[in-house]
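Just so you know, we're using full-length UniProt numbering here: the sequence shown kicks off at 1 and counts up by one. Here's the structure, in structure tokens; my notes come after.
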Amino acid sequence: MPTDAYWLAAQGKMITTVPFLTLLGYSDLPGTFPDGSPIPADTARRIARECATWTRILTDPATGTPVDANATSYYIPARIRQTLTAKWQACTMPGCRRRAEASEVDHIIPFDHDNPALGGLTVFGNLHPLCKKDHQSKTDGNYSVAMDDKGLIEYRFPHGIRATVAAGDNPVNVEHARLMESGELTERGELTESGSSDEYFDPRFPPPPPEPDPQPGDVRTGEECPGPEGSIGTPGWVKRTDFFRSYNGKKRTETEWVWDNGDPPPF
1 MPTDAYWLAA QGKMITTVPF LTLLGYSDLP GTFPDGSPIP ADTARRIARE CATWTRILTD
61 PATGTPVDAN ATSYYIPARI RQTLTAKWQA CTMPGCRRRA EASEVDHIIP FDHDNPALGG
121 LTVFGNLHPL CKKDHQSKTD GNYSVAMDDK GLIEYRFPHG IRATVAAGDN PVNVEHARLM
181 ESGELTERGE LTESGSSDEY FDPRFPPPPP EPDPQPGDVR TGEECPGPEG SIGTPGWVKR
241 TDFFRSYNGK KRTETEWVWD NGDPPPF
């Protein structure tokens, strides 16, 4: 079993979404957990202050649902997975309520590993969360899935049965967009240069130290790529698979990511 700090931290991850104006102290719109549960504004600000990593999610001002985020590889970067989680909140299979946060990400059109440009891209119009059970059922051919240009997902089952699924609207994000456009902001404290407000500073909980820059040969273990993917000429994380022996003596694979500085081979 991996024991490095990065892998251990990933096992207890909690994603929270906080409106931009709430972060700045200009609004008391609530934050949300991945399942849609609300977080009081002051609590959301404190949580955000303690986070080492923030991800920007753009939303549709009319519906509040997150809009497109894409990647150019098969592996789903954390920012894409987090945006999908915020949009769908649960497995998209009709009747399934398993959390999107704990689900797998399905390519509706399978990714073409030999020639990615031919289709099956890692883009919003081709991705949705499926729990492990329902993802395997799709892989086994028990049903098919399609998505239209409006983001509606259609499930097609045997005997002609079909079901349509749409992401729910987010009224908090809609109100946030309205406040941004109207200028109806209530300043709750003079902002410091760092973008935070002294009103929410608590010396008992100092911010975490910044994570050091990765060095060649550094290793991270986890399902998701821990940062930018590397290639020849581009520094980043590259994937390798090693075998770890579990406590019951059986072998299993864990995904390891190694930092590469992008330099070409010395030959």
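Note that the Cβ used here is the ideal one computed from N, Cα and C, for glycine as well. Every value quoted in this text rests on a predicted model; they were computed, and no experiment measured them.
Have a look at the options and flag the residue whose alpha-carbon is nearest the alpha-carbon of residue i.
i: Thr65; options: Thr22, Thr32, Asp140 and Ala167; result: Ala167
i: Gly125; options: Val219, Gln136, Ile153 and Asp169; result: Ile153
i: Gly160; options: Thr139, Thr53, Ser144 and Leu23; result: Ser144
i: Asn173; options: Leu58, Ala48, Phe33 and Gln82; result: Leu58
i: His135; options: Pro158, Ala100, Leu121 and Asp148; result: Ala100
i: Phe111; options: Phe157, Thr85 and Thr139; result: Thr139
i: Ala52; options: Cys225, Lys239 and Glu211; result: Glu211
i: Met180; options: Leu84, Val18, Lys13 and Ser27; result: Ser27
i: Ala78; options: Lys13, Val219 and Pro214; result: Lys13
i: Gly217; options: Tyr155, Lys239 and His107; result: Lys239
i: Arg56; options: Asn142, Gly120 and Val18; result: Val18
i: Val165; options: Pro171, Ser182 and Ala146; result: Ala146
i: Trp54; options: Gln82, Ser182 and Asp114; result: Gln82
Can you list, in chain order, the residues of its chain whose CB lies under 6 Å from that of residue i, leaving out five sequence neighbours each side?
i: Asp198; result: With a pLDDT of 48 at Asp198, under the threshold of 50, the modelled position of this residue cannot be trusted, and the question is left open.
i: Gly195; result: Because Gly195 sits at a pLDDT of 42, beneath the cut-off of 50, its placement in the model cannot be relied upon, and the point is left open.
i: Phe20; result: none
i: Ala86; result: Thr17, Ile57 and Pro66
i: Pro264; result: Ile232
i: Asp169; result: Thr63 and Gly64
For a quick check, are the C-beta atoms of residue i and residue j less than 9 Å apart?
i: Ala177; j: Pro94; result: no
i: Gly36; j: Gln89; result: yes
i: Ile47; j: Pro34; result: no
i: Thr22; j: Arg45; result: yes
i: Trp257; j: Gly233; result: no
i: Pro129; j: Asn142; result: no
Sorted by chain position, which residues of the same chain lie with C-beta nearer than 8 Å to residue i's C-beta, five sequence neighbours on each side aside?
i: Pro235; result: Pro228, Trp259, Asp260, Asn261 and Gly262
i: Cys131; result: Cys91, Met93, Cys96, Arg98, Ala102, Ser103 and Glu104
i: Leu127; result: Ile76, Ile80, Leu84, Val105, Asp106, His107 and Ile108
i: Gly120; result: His107, Ile109, Pro110, Phe111, Asp112 and Asn126
i: Thr43; result: Gly31
i: Ala41; result: Thr22, Ser27, Asp28, Leu29, Pro30 and Gly31
i: Pro171; result: Gly64
i: Arg156; result: Tyr143, Ser144, Val145, Ala146 and Arg162
i: Ile39; result: Thr16, Val18, Pro30, Gly31, Thr32, Phe33 and Ile47
i: Asp114; result: none
Residues bridged to residue i by DSSP?
i: Leu58; result: The partner list for Leu58 (beta bridge, DSSP) is empty, contrary to what the question assumes.
i: Pro38; result: Thr32
i: Val162; result: Checking the displayed sequence, the identity of residue 162 turns out to be Arg instead of Val. Arg162 is bridged to Arg156.
i: Lys239; result: Trp257
i: Val219; result: Val258
i: Ala167; result: For Ala167, which the question treats as bridged, DSSP gives no partner whatsoever.
i: Glu104; result: Leu130
i: Ala90; result: Arg99
i: Glu229; result: Trp237
i: Thr17; result: Thr32
i: Trp44; result: For clarity, residue 44 is Ala in the given sequence; the question names Trp instead. Ala44 pairs with nothing; no bridge assigned.
i: Val172; result: According to DSSP, which records beta bridges pairwise, Val172 is partnered with nothing at all.
i: Ser144; result: Arg156
i: Pro66; result: Thr59
Keeping to the same chain, check which residues put their C-beta closer than 7 Å to that of residue i; ignore five residues upstream and five downstream.
i: Glu175; result: Leu29
i: Asp60; result: Val67
i: Lys150; result: none
i: Cys225; result: Tyr75, Pro77, Trp237 and Trp257
i: Glu193; result: Only weak support exists for where Glu193 lies, its pLDDT of 40 falling under 50; the value from the coordinates is given anyway. Around Glu193: no qualifying Cβ.
i: Gln215; result: Trp259
i: Gly230; result: Gly236, Trp237, Val238, Asp260 and Gly262
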